[in-house]
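With positions in the sequence shown counted from 1, the corresponding number in my numbering is that position plus 354.
Encoded as structure tokens, the structure appears first; notes follow it.
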Amino acid sequence: MNEASDLLAQLEAVGPYFTVEHGERPDSEGFLPVSALYAGEGVLDSYVSVYARRMRTDQPRVAASTFQLGFASRLWSIALGSVVLSGRVPDLSPDRLRLRLTEDGPVELWLPEPALAALGPRPSPADDTGSADLPEEERRSVDAVHAAVAATHLRPLHDTLRARYGLSPQVLCGNAASALVGALRVLNGRRPDTEARATALVAALLEREPLAGSGEFIVEEGLGFAYLRNSCCLYYRVPGGGLCGDCVLRRSRRRRAV
Numbered sequence: 355m356n357e358a359s360d361l362l363a364q365l366e367a368v369g370p371y372f373t374v375e376h377g378e379r380p381d382s383e384g385f386l387p388v389s390a391l392y393a394g395e396g397v398l399d400s401y402v403s404v405y406a407r408r409m410r411t412d413q414p415r416v417a418a419s420t421f422q423l424g425f426a427s428r429l430w431s432i433a434l435g436s437v438v439l440s441g442r443v444p445d446l447s448p449d450r451l452r453l454r455l456t457e458d459g460p461v462e463l464w465l466p467e468p469a470l471a472a473l474g475p476r477p478s479p480a481d482d483t484g485s486a487d488l489p490e491e492e493r494r495s496v497d498a499v500h501a502a503v504a505a506t507h508l509r510p511l512h513d514t515l516r517a518r519y520g521l522s523p524q525v526l527c528g529n530a531a532s533a534l535v536g537a538l539r540v541l542n543g544r545r546p547d548t549e550a551r552a553t554a555l556v557a558a559l560l561e562r563e564p565l566a567g568s569g570e571f572i573v574e575e576g577l578g579f580a581y582l583r584n585s586c587c588l589y590y591r592v593p594g595g596g597l598c599g600d601c602v603l604r605r606s607r608r609r610r611a612v
């Protein structure tokens, strides 16, 4: 195995959201490059339709929001877990990463030829928000995760979801931020030895575009962290659905009750 394969094997121990299959596999039928999601119609619409049927909703917008939140969770988990465990991130570029969704299974991710992402230049001071107080190595880690997920995937995915389903930037960025915090929660639970570093990296990522302003990240030493988003993922519109713990509507209801 190469260095990237070794890293991906380590990630499998963290949990299923951190796992991406890699190398050759006999059952490759149905896998498509992730770039197909961002091409407009076709693949994205079919995936959203699968989610709508599972959720028993006739609102494609709600199903699209749920798909985006789950997919962002997978991407953040892989990138964050990798950089915390090794200091590097696998190359998750849309033409290299493959995905497959069946009618009754989870989204599967696959890297046929795993490799490590190249280290890019540092962002300009105007874009380097949130990580200015971190050591140089940690700033590089924030850059790597941001480049792998936010710049490479969230930007084209959000553009397509806005055009196809009318999802607002507030909902999409709130979903992406909530997904990142969820990845952190799982990682800290499985790897408490990396908790302080992982939490600092996530705090910096939440200060960068497109996540900046999507909510409030609260860290209490010895008590852990919480995230309060400024938007709603729309899951309450699903039959039998409710409000998520970080939802802005939950806080609105509390204020009205008082």
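Here a beta-carbon is modelled for each residue, glycine too, at the ideal position from N, C-alpha and C.
### Task
Helix, strand or coil for residue 510, going by three-state DSSP, please let me know.
Within the sequence shown, the letter at position 156 stands for residue 510. Three-state result, residue 510: helix.
### Message
If you measure between the beta carbons of residue 387 and residue 442, is that distance less than 8 Å?
### Response
Residue numbering aside, residue 387 sits at position 33 when the sequence shown is read from its first letter. Residue numbering aside, residue 442 sits at position 88 when the sequence shown is read from its first letter. Judged by their CB atoms, residue 387 and residue 442 are not nearer to each other than the 8 Å cut-off.
### Message
Would residue 597 and residue 507 qualify as a contact pair, given that the criterion is a beta-carbon distance under 8 Å?
### Response
In the sequence shown, the residue the question calls residue 597 occupies position 243. In the sequence shown, the residue the question calls residue 507 occupies position 153. Inclusion of residue 597 and residue 507 in the CB contact set at 8 Å is not warranted, their separation being larger than that value.
### Task
Starting from the N-terminal side, write out each stretch of the alpha helix (DSSP H) that is 4 residues or longer and does not extend beyond the segment 428–467.
Listed in chain order, there is nothing to give.
### Query
When DSSP labels each residue in this structure, what does residue 610 get in the three-state scheme?
Taking the sequence shown and counting its residues from 1, the one referred to as residue 610 is at position 256. With a pLDDT of only 42 at residue 610, under the threshold of 50, the placement of this residue in the model should not be trusted; the figure read from the coordinates follows. Residue state, collapsed to three classes: helix.
### Query
Is the segment 528–537 close to the segment 569–588, with three or more CB pairs under 8 Å?
These segments touch.
### Task
Tell me residue 571's beta-bridge partners as DSSP assigns them.
Taking the sequence shown and counting its residues from 1, the one referred to as residue 571 is at position 217. In DSSP, residue 571 forms a bridge with 581.
### Message
What residue range does the alpha helix (DSSP H) around residue 405 cover?
### Response
On the sequence shown, position 51 is the one that residue 405 refers to. Element bounds for residue 405: 397–409.
### Query
For residue 560, which three-state DSSP category applies?
Reading the sequence shown from its first residue, position 206 is the one you call residue 560. Coil at residue 560, not helix or strand.
### Query
What are the boundary residues of the alpha helix (DSSP H) that residue 527 is part of?
The sequence position of residue 527 within the sequence shown is 173, counting from 1. It spans 523–544 - the alpha helix (DSSP H) in which residue 527 sits, taken as one unbroken run.
### Query
How do the segment 419–438 and the segment 360–374 stand: do at least 3 beta-carbon pairs fall below 8 Å, yes or no?
Yes: the two stretches touch, three or more of their Cβ pairs being nearer than 8 Å.
### Task
Indicate whether the contact test is met: 3 or more Cβ pairs, each with one atom in the segment 559–566 and one in the segment 458–466, closer than 8 Å.
Result no; under three Cβ-Cβ pairs closer than 8 Å.
### Message
Please return the same chain residues whose Cβ sits closer than 7 Å to the Cβ of residue 421, not counting the five positions on each side in sequence.
### Response
Taking the sequence shown and counting its residues from 1, one reaches residue 421 at position 67. Cβ neighbours of residue 421 beyond the five flanking positions: 401, 402 and 405.
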